[in-house]
Amino acid sequence: MTYMIGKVTHMAHVGDSRFSATYDKVWPGLATFFRDAMKVYCTANGA
């Protein structure tokens with residue numbers, strides 16, 4: 001689930017343990033990294 005907060009997107013799915021578990025199996029902390037990267041991308045591209 002994604003929410004718009006001002007111009008920055010908040011990725012609620014990182015709080016979903018199923019989402020985090022899937023990505024964190026690949027690399028611990030990957031779900032959080034993706035969330036932060038998406039925030040940077042959205043901010044840089046006017047989302």
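For what it's worth, full-length UniProt numbering labels the leading residue of the sequence shown as 1, then goes sequentially. Beta carbons are placed, not taken as given, at the ideal position from N, Cα and C, and that holds for glycine.
Item, Value
"Nonlocal neighbours in the same chain, by C-beta distance under 7 Å from ALA31, ignoring five residues either side", "VAL14, PHE19, SER20, TYR23, ASP24"
"DSSP three-state assignment for ASP36, whether helix, strand or coil", "helix"
"DSSP three-state assignment for ASP24, whether helix, strand or coil", "helix"
"Inter-residue Cα distance where the pair is ARG35 and SER17", "14 Å"
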